[in-house]
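Heads up: the structure comes next, in structure tokens.
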Amino acid sequence: LDQFEIDLMANTLVGAGFGGLITVPVGENKEKNTLRYEGAFDGDGNYLMSVILTEDKKMTFDMLKAEATIYKNSYVKIAVEDKQFRPEAMLHGKMSVKIDGSKEDKPKADMGGIKFQSLHIMTKEPYLEAKYFGYQGKASISGVPISLKELALVKGTKKGEVGLKIGVDMEFGETISAGTDCTIFTQVEKNSKGRMTLRYDRFFINSIDINADFAEVFAIKGHVELYENDPIYGDGFGGTLALKFKKVLD
Numbered sequence: 174l175d176q177f178e179i180d181l182m183a184n185t186l187v188g189a190g191f192g193g194l195i196t197v198p199v200g201e202n203k204e205k206n207t208l209r210y211e212g213a214f215d216g217d218g219n220y221l222m223s224v225i226l227t228e229d230k231k232m233t234f235d236m237l238k239a240e241a242t243i244y245k246n247s248y249v250k251i252a253v254e255d256k257q258f259r260p261e262a263m264l265h266g267k268m269s270v271k272i273d274g275s276k277e278d279k280p281k282a283d284m285g286g287i288k289f290q291s292l293h294i295m296t297k298e299p300y301l302e303a304k305y306f307g308y309q310g311k312a313s314i315s316g317v318p319i320s321l322k323e324l325a326l327v328k329g330t331k332k333g334e335v336g337l338k339i340g341v342d343m344e345f346g347e348t349i350s351a352g353t354d355c356t357i358f359t360q361v362e363k364n365s366k367g368r369m370t371l372r373y374d375r376f377f378i379n380s381i382d383i384n385a386d387f388a389e390v391f392a393i394k395g396h397v398e399l400y401e402n403d404p405i406y407g408d409g410f411g412g413t414l415a416l417k418f419k420k421v422l423d
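My numbering puts the sequence shown at residues 174 to 423.
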């Protein structure tokens with residue numbers, strides 16, 4: 174809060190206005206993720222607060238290991254509930270995800286051009302919702318070019334955990350193709366004052382599929398599911414593998 178003014182009539186408060194800065198809890202860079210807001214309330218206790226973007230804004234989504242551009246038609250709304258301010262953001266824009274790997278020249282995941290609409294950030298469950306995710310651009314996992322087939326927000330296995338699930342397909346020449354589902358997990362944290370922060374937690378591969386056809390000799394089709402905190406299997410993996418010989422080898 175850096176601005177405050179009041180209206181008095183006959184020693185009675187009839188209204189007030191205020192303004193300041195509000196941080197969207199999506200990363201560590203508070204300066205980059207801060208927006209200006211303006212608000213007012215009248216003598217009856219009615220509040221009106223809003224954040225207005227006059228141009229697109231760059232933000233850091235540390236929660237998803239992404240750099241984002243927020244379009245100016247986004248907004249932040251601040252409501253009063255149980256005498257507490259409850260801000261929520263509705264964001265539209267695009268982002269580029271990059272998760273570093275063990276080798277500097279080959280990141281674990283590199284996906285630019287992810288578009289989103291109505292990314293809803295709240296201070297209570299479900300914390301994150303989105304109306305639409307789309308993709309336009311180049312992407313790779315461990316240096317291998319991929320195409321994206323799915324982008325969706327999912328609930329994690331831990332309390333206060335939300336993830337961005339990404340389904341991808343990849344090809345290795347004309348005879349081998351593969352696919353995988355992976356998730357970027359975000360953890361919701363709250364301090365002693367109830368202030369919320371969304372933090373990047375981990376990158377997890379959910380499943381792997383492979384199809385391979387080696388000329389007229391044999392073909393392989395396999396599927397592997399990876400488990401983490403599963404109520405039945407715990408941590409581990411399971412899957413299927415089919416091997417078909419097209420002719421007897423000499």
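Glycine included, C-beta positions come from ideal geometry on N, C-alpha and C.
Whose C-beta lies closer than 6 angstroms to the C-beta of V197 among residues of the same chain, with five residues either side of it excluded? N206, A262
Are T296 and K267 closer than 7 angstroms when you measure CB to CB? no
Would you check if the distance between the CB atom of L292 and the CB atom of L264 is smaller than 7 angstroms? yes
What does H293 pair with, by DSSP beta-bridge criteria? Bridge partners of H293: M263, E302.
Looking only at its chain, what residues have a beta carbon closer than 7 angstroms to the beta carbon of L174, apart from the 5 residues adjacent to it on each side? F191, G193
Between N184, G340, Q290, Y305, which has its C-alpha nearest T353's C-alpha? G340
Beta-carbon spacing of I383, L416 below 7 angstroms: With respect to the 7 angstroms criterion, I383 and L416 are not classified as neighbours on the basis of their beta carbons.
Counting only the same chain and skipping the five closest in sequence on each side, list residues whose C-beta sits under 8 angstroms from that of P318. The residues are K311, A312, M343.
If you drop the 5 nearest sequence neighbours on each side, which residues of the same chain put their C-beta closer than 8 angstroms to that of K245? The answer, listed in chain order, is L226, T227, E228, D229, K230.
L137 and I378: beta carbons closer than 7 angstroms? Lying before the first or after the last residue shown, residue 137 is absent from the chain, which here runs from 174 to 423.
Which two residues bound the contiguous beta strand (DSSP E) that contains Q360? That run of the beta strand (DSSP E) goes 349–363.
First and last residue of the uninterrupted beta strand (DSSP E) at D403: 391–403
I need the straight-line Cα distance from K250 to K328, nearest angstrom please. 24 angstroms
For T242: DSSP bridge partner residues: K231, K267
Which same chain residues end up closer than 8 angstroms to G407 when comparing Cβ atoms and leaving out the 5 residues on each side of it in sequence? Same-chain partners within the cutoff: Y400.
Could you tell me how far apart the beta carbons of Y199 and L324 are, in whole angstroms, since I believe they sit closer than 8 angstroms? Reading the sequence as shown, one finds Val at residue 199 and not Tyr. Rounded, the Cβ-Cβ distance is 17 angstroms, inconsistent with contact.
Give me whichever residues DSSP pairs with P318 in a beta bridge. S313
Going by C-alpha distance, which of T330, Y305, N184 is nearest R375? Comparing alpha carbon positions, the residue from T330, Y305, N184 closest to R375 is T330.
With 16 as the cutoff for other CB atoms within 10 Å, does L337 come out buried or exposed? buried
Going by the DSSP bridge assignment, what does T207 pair with across the sheet? Residue pairing by DSSP places T207 opposite T196 in a beta bridge.
May I ask which residues mark the beginning and end of the beta strand (DSSP E) holding E344? Where E344 is concerned, the enclosing beta strand (DSSP E) starts and stops at 334–345.
Exposed or buried, T359, counting other C-beta atoms within 10 Å across all chains shown (16 or more means buried)? buried
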